[in-house]
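Undergrad:
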Amino acid sequence: MMDRKQRAYIFQSFDALKGFREMLKEKEQIQVAPRILSEDDLEELNRRIHQVRTGDMLQIEYWDQGAYFQMTGKVSCIDLENRRFQLVKQKILLEHIVDIQFIEQEK
-18 MMDRKQRAYI FQSFDALKGF REMLKEKEQI QVAPRILSED DLEELNRRIH
32 QVRTGDMLQI EYWDQGAYFQ MTGKVSCIDL ENRRFQLVKQ KILLEHIVDI
82 QFIEQEK
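Just so we're aligned, residue -18 is where the sequence shown starts under this note's numbering, counting upward by one.
#1: Please classify Ile11 as buried or exposed, where buried requires at least 16 other C-beta atoms within 10 Å of its C-beta.
#2: Going by C-alpha distance, which of Ile59, Ala14, Glu85 is nearest Gly47?
#3: What do you reckon, are the CB atoms on Gln82 and Leu39 nearer than 9 angstroms?
#4: Bridge partners of Gln71, per DSSP?
#5: Could you give the first and the last residue of the continuous beta strand (DSSP E) run that contains Leu39?
#6: Please go through the same chain and pick out, in chain order, the residues whose beta-carbon is closer than 7 angstroms to the beta-carbon of Ile59, but skip the five residues on each side of it.
#7: What does a CB cutoff of less than 8 angstroms around Arg64 pick up in its chain, not counting 5 residues either side in sequence?
#8: Assuming Ile81 is part of the beta strand (DSSP E), what are its boundary residues?
#9: What do you reckon, are the CB atoms on Leu18 and Val79 nearer than 9 angstroms?
In structure tokens:
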């Protein structure tokens, strides 16, 4: 007679092609080229970047590995030496940012 753990192991799902699902998921993603911002947009973005302080709540749109992402969170670190912000735990390179919006925090 089998104990419960051994019996449960028999009915565990089986992945015959390890990594195949992950590969399919990668292929399904549509690659997007990074946007080229106009001089005016770059100046405005640069102005906003220089206004950012640790603890600010931001909504950042950025490009990373062929796709655009939007993230909202508090700035936990500003690393100008390596040219990046850190929102919560996500590190975002400054050159990948296409838009920054400041979000008012309730007091």
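Beta carbons: idealized from backbone N, C-alpha and C, even for Gly. Bear in mind that the values here come from a model prediction, so they are computed numbers and not experimental data.
TA: Taking the coordinates as given:
#1: By the 10 Å Cβ count, Ile11 comes out exposed.
#2: Gly47 has its Cα closest to that of Ala14, out of Ile59, Ala14, Glu85.
#3: In this structure, Leu39 lies closer than 9 angstroms to Gln82 by Cβ.
#4: Answer is Leu68.
#5: Its beta strand (DSSP E) spans residues 38 to 45.
#6: Cβ within range, chain order: Val33, Thr35, Phe66.
#7: The beta carbon of Arg64 lies closer than 8 angstroms to those of Leu74, Leu75, Glu76 in the same chain, with the five residues before and after it left out.
#8: Where Ile81 is concerned, the enclosing beta strand (DSSP E) stretches over 78 to 83.
#9: Going by C-beta atoms, Leu18 is nearer than 9 angstroms to Val79.
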